[in-house]
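Chains as they are written, first to last, in my numbering: chain V, 1 to 292; chain S, 293 to 568; chain R, 569 to 852. We put the beta carbon where it would ideally sit given N, CA and C, even for glycine. Model, not experiment: these values are computed from the prediction.
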Amino acid sequence: MRAAAQRAITAWSWISSLLLVGAVAAVIGFLLVKSLPALNPRLIFGSTPVLEALLLRAPVLDGLWPAMAGTCFLVVTAVGLALPLGIGAGIYVAEYSRGRLKQGLTLLFDLLAGIPSIVVGLFGFSLTVFLHHHLSPRIYPSLLVSALALAFLVLPYLIRGTQAALENLPARIRVIAPALGATKMQNIFRVLVPQALDGILSGVILAIGRCAEDTAVIMLTGAVASAGLPKSLLGSFEALPFYIYYISSQYMNPKELRQGYGAALILLIVCAALFAVSLLLKNLLAQRLRVR
Amino acid sequence: MKMKWTCIGAMALWLVGGAAMALAGDLDPFKGEAGAVKISGGTAHIPVMKAAADAVMRANPKIQISIAGGGSGVGIKQVGEGLVDIGNSGRKPTDEEVQKYGLVLHQWAIDGVAVVVHPQNPVKALTSAQLKEIYAGRLSHWKALGGPDKAINIYTRDEASGTREVFWEKALAKGEIGTKALFAASNGAMKTAVAQDPYAIGYVSVGHIDAGVAPVALDGVAPTLETVKAGTYKVSRGLYSSTKGAPQGLTRKFIDFIFSAQGREMIVQQGFIPVQ
Amino acid sequence: MPSERWMHGALAAAAFLSATAAVTIFIIMAALGWPILRDGHLLQVLTGPWLPLRHQYGIGAMILGTLWVAGLALGLAVPISLGCAAFIQTTGPRGLGGLLKHLVQLMTGIPTVVYGFVGIFLLVPLVRDVFGRGSGLSILAAGVMLGLLIAPTLILFFVEGLAAVPRAHRLAVSALGGTPVQQLVYVLLPQAWRAILAGLVLGFGRAVGDTMIALMIAGNSVAPPASILDPARTLTAHIALIVAADFDSPEFRTLFVCGLTLYALTSLGVVAMRRLATKHLEAP
Numbered sequence: 001m002r003a004a005a006q007r008a009i010t011a012w013s014w015i016s017s018l019l020l021v022g023a024v025a026a027v028i029g030f031l032l033v034k035s036l037p038a039l040n041p042r043l044i045f046g047s048t049p050v051l052e053a054l055l056l057r058a059p060v061l062d063g064l065w066p067a068m069a070g071t072c073f074l075v076v077t078a079v080g081l082a083l084p085l086g087i088g089a090g091i092y093v094a095e096y097s098r099g100r101l102k103q104g105l106t107l108l109f110d111l112l113a114g115i116p117s118i119v120v121g122l123f124g125f126s127l128t129v130f131l132h133h134h135l136s137p138r139i140y141p142s143l144l145v146s147a148l149a150l151a152f153l154v155l156p157y158l159i160r161g162t163q164a165a166l167e168n169l170p171a172r173i174r175v176i177a178p179a180l181g182a183t184k185m186q187n188i189f190r191v192l193v194p195q196a197l198d199g200i201l202s203g204v205i206l207a208i209g210r211c212a213e214d215t216a217v218i219m220l221t222g223a224v225a226s227a228g229l230p231k232s233l234l235g236s237f238e239a240l241p242f243y244i245y246y247i248s249s250q251y252m253n254p255k256e257l258r259q260g261y262g263a264a265l266i267l268l269i270v271c272a273a274l275f276a277v278s279l280l281l282k283n284l285l286a287q288r289l290r291v292r
Numbered sequence: 293m294k295m296k297w298t299c300i301g302a303m304a305l306w307l308v309g310g311a312a313m314a315l316a317g318d319l320d321p322f323k324g325e326a327g328a329v330k331i332s333g334g335t336a337h338i339p340v341m342k343a344a345a346d347a348v349m350r351a352n353p354k355i356q357i358s359i360a361g362g363g364s365g366v367g368i369k370q371v372g373e374g375l376v377d378i379g380n381s382g383r384k385p386t387d388e389e390v391q392k393y394g395l396v397l398h399q400w401a402i403d404g405v406a407v408v409v410h411p412q413n414p415v416k417a418l419t420s421a422q423l424k425e426i427y428a429g430r431l432s433h434w435k436a437l438g439g440p441d442k443a444i445n446i447y448t449r450d451e452a453s454g455t456r457e458v459f460w461e462k463a464l465a466k467g468e469i470g471t472k473a474l475f476a477a478s479n480g481a482m483k484t485a486v487a488q489d490p491y492a493i494g495y496v497s498v499g500h501i502d503a504g505v506a507p508v509a510l511d512g513v514a515p516t517l518e519t520v521k522a523g524t525y526k527v528s529r530g531l532y533s534s535t536k537g538a539p540q541g542l543t544r545k546f547i548d549f550i551f552s553a554q555g556r557e558m559i560v561q562q563g564f565i566p567v568q
Numbered sequence: 569m570p571s572e573r574w575m576h577g578a579l580a581a582a583a584f585l586s587a588t589a590a591v592t593i594f595i596i597m598a599a600l601g602w603p604i605l606r607d608g609h610l611l612q613v614l615t616g617p618w619l620p621l622r623h624q625y626g627i628g629a630m631i632l633g634t635l636w637v638a639g640l641a642l643g644l645a646v647p648i649s650l651g652c653a654a655f656i657q658t659t660g661p662r663g664l665g666g667l668l669k670h671l672v673q674l675m676t677g678i679p680t681v682v683y684g685f686v687g688i689f690l691l692v693p694l695v696r697d698v699f700g701r702g703s704g705l706s707i708l709a710a711g712v713m714l715g716l717l718i719a720p721t722l723i724l725f726f727v728e729g730l731a732a733v734p735r736a737h738r739l740a741v742s743a744l745g746g747t748p749v750q751q752l753v754y755v756l757l758p759q760a761w762r763a764i765l766a767g768l769v770l771g772f773g774r775a776v777g778d779t780m781i782a783l784m785i786a787g788n789s790v791a792p793p794a795s796i797l798d799p800a801r802t803l804t805a806h807i808a809l810i811v812a813a814d815f816d817s818p819e820f821r822t823l824f825v826c827g828l829t830l831y832a833l834t835s836l837g838v839v840a841m842r843r844l845a846t847k848h849l850e851a852p
């Protein structure tokens, strides 16, 4: 291969790396610069004193607090709903299924993972309206509906995380307990799952991050621009990513726009941190298994 | 020096306003109440709704008022289907809709729909005929109107928008809106879009106009509160809040609040003309 | 042991319940969109124009919009991702390569709404000023941001594919006097082409499925686009816009056709990926 072609390829790899790093730096840098003026407690609590807001004595009407609380509740509910199903399914696929059954199950899980989030949102919304007409007028887009729809969305993350973590356990760990007389179930729950916990946790945290950042699903199923702190599962709620979307096109004054930047920065930090922790856990698991 | 007096003046106004609000007593009916009110629909109404909701929630933290947008069509549908308690619309619900859903209408303001452009755009007056040509896509350059040598970027709203309906009927005389038009999802979004694009033309509720966009005089009449009130600016509409049947409980109190003295103040502050 | 059987049953139930999720979504969408499918208007809906005032609810322009935006995003992201993957695996000095990999891993956590937000205020005015025409809300702006969104996933995928090639093969090239670039071109790429293709398909799936970037910066006009400086509306943005504006009307029913189209596109991608990727590679 000619030296010039080699140099071109090397040059291209350097250029593309620089382009990528430059683009990300531009995005994050722009965000930092624009949100810096807004980074103070007023961003979150508005004109309400911090203590009053935290003690729920006074509502926060022009800060991010309701949106952050809404996102928190949403994430906890959604992951809570998906967790037992996801981990259970992951264990089943990794330990009990094989051959065509396994192929069929993983195909269905992959299909679920591929569904665009807006389609999941559309599904959630239409189902809710349908049930509202035909089942009970109390059913309408709300925190619970959003959480259920998000649970659909992140189920594959949990399943895959669990499955991958279990399947990557080396054979030598798998045979110890049965050799000592343990049943399959005992082996799974007392040996394998604890060993794979880092990987499973990694999947859970990934799911949490995905729930926190999603906008398309919640904007169709219950997130609104202004609702205060979430009061019940059957009520509307605010959420950070929806706030960012809403402010981006409908800010009324420069102050609101700065709040939008601040919100974007907060969301960015939260999600990047969650993903980083998720990766760390995965690497921790891999390391532990290698070292032994 | 000037700054200092501006600050003192602002603070004084704020204190007086606050005192006035406390003395007003319009918020008394909400004492001791708890519950939720769901509002959705017209986006022009949102600033007033939000101001009113803020006042109520501050006076009584146990009340939760959630406000969503979506446009007039959505507001009417959702209140009719029982998904929300109050449905806002920037156009009068049709007789069909009123009958189908059993709506009770409350009109609390008059508003206009103004054509707006970027403040740096020298073109500040248009005739109806020109407007029709622009939106149909036939008149496509600012140069033909004495503006910069750039293509006109037209912005419009979606089908559920009452603002769009009124604009289409009264300003465009039901003319066509070209398919290349860019979409804004609400009055606020339209205002933001036009404020950010020097070659844009769009339409917003008169109450939404601020320093970020420049109103365009249509057939010689500038869109201001006075001309809308006097009727000389023809592109006007009422702001309605509809309920399914007669409003009750917290919903009724909220609607009464909008019609109260404090409510009227908020309506005026946001740039609309209050109506009894 | 009875508790064993019970647990086994519970796990199986979890698996099968989760498995039905994908099917349920498909069935409900098909059922709700049935009136359109039944009346035989499907072809019209898929290719016609979107003119609600004339009762025409065709999503043809939206399908084109999706293809243009996703196509541009892939066209930008794939070469750059390949270059970055090459840097991380071979051509970059070890420390820098590792650093880039960690940066890319962190990048996967950046939410799309943040890209959209920055896109509106940084990229759109830039496009408008650089090209002098249009409003900046365009396929170009959306494609660039979308490319940035999918690049980290692609890079990590390519890196794994390249790393999966046995070391012995690379050492063989070295022993014969080959440079790292020659290793890359003659050994790694040919062996990893399946993984690379799989990454392409994965990127396509993600690009087609994203909503916020296209919704916020592609302009959402209903005319079929004719150049990358034109605004466009993608299937995903269309769903978001219409749901916010209506429900229970002929317009709304066409949304299910939109949804099914998207489902079909991404599912094709999934099936293609399963054929190509020999090992079940995880994708964030």
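Alpha carbons only, please: which of the options is nearest the one belonging to residue i?
i       : options                               : result
A326(S) : L474(S), R350(S), D450(S) and T535(S) : R350(S)
G504(S) : D450(S), A345(S) and P490(S)          : P490(S)
I200(V) : A3(V), R100(V) and S278(V)            : S278(V)
S136(V) : A171(V), L158(V) and L234(V)          : L234(V)
A67(V)  : L285(V), S226(V), L83(V) and I91(V)   : S226(V)
A177(V) : R190(V), D110(V) and Q163(V)          : R190(V)
T829(R) : R100(V), I118(V), F275(V) and G260(V) : I118(V)
K323(S) : A347(S), G334(S) and I331(S)          : A347(S)
CB-CB under 8 Å to residue i, same chain, minus the five flanking residues each way: which ones, in chain order?
i       : result
I469(S) : Y427, A428, I446, T448 and W460
E518(S) : none
S703(R) : V692, R696, G787 and P799
Y246(V) : A225
K184(V) : E95 and P178
How would you call residue i, buried or exposed, if buried means at least 16 neighbouring beta carbons within 10 angstroms?
i       : result
Q195(V) : buried
P254(V) : exposed
A311(S) : Model confidence at A311(S) stands at a pLDDT of 44, short of 50, so the residue's coordinates are unreliable; what they give is reported in the following sentence. Exposed, because fewer than 16 other Cβ atoms sit within 10 Å of the Cβ of A311(S).
T588(R) : exposed
R529(S) : buried
E572(R) : exposed
N283(V) : exposed
E95(V)  : buried
N187(V) : buried
T484(S) : buried
L315(S) : Low confidence applies to L315(S): its pLDDT is 43, below 50, so where it sits in the model is not reliable, and the reading given next is rough at best. With fewer than 16 Cβ atoms within 10 Å of its Cβ, L315(S) is classed as exposed.
T386(S) : exposed
P793(R) : buried
E388(S) : exposed
Excluding the 5 residues preceding and the 5 following residue i in the sequence, name in chain order all residues of the same chain whose CB lies nearer than 7 Å to its CB.
i       : result
L833(R) : V776
T71(V)  : A212, A239 and L240
R383(S) : S364, G454, E457, V458 and R529
T680(R) : L717, D778, M780 and I781
S142(V) : G222, L233, L234, G235 and S236
Y683(R) : M713, L716, L717 and I781
According to DSSP, what are the bridge partners of residue i?
i       : result
I357(S) : V329(S)
A629(R) : None; A629(R) has no bridge partner.
W400(S) : Paired residue(s): none; W400(S) is not in a bridge.
H134(V) : Note: H134(V) sits in no beta bridge, so no partner.
R529(S) : D403(S)
F237(V) : A223(V)
Here's a check: name, in chain order, each residue in its chain whose Cβ is nearer than 6 Å to the Cβ of residue i, leaving out the five neighbours to either side.
i       : result
S789(R) : P799
May I ask whether a heavy atom of the ligand FMN can be found less than 7 Å away from the beta carbon of residue i?
i       : result
E819(R) : With respect to the ligand FMN, the structure offers nothing, as it holds no ligand at all.
Under 8 Å: do the region 144-151 of chain V and the region 800-814 of chain R share three or more Cβ pairs, one atom per stretch?
no
Quick check: the region 31-49 of chain V against the region 730-744 of chain R, are at least 3 beta-carbon pairs closer than 8 Å?
no
Touching or not, the region 623-630 of chain R and the region 759-773 of chain R, by the rule of three or more beta carbon pairs under 8 Å?
With the rule of 3 Cβ pairs closer than 8 Å, the region 623-630 of chain R does not count as touching the region 759-773 of chain R.
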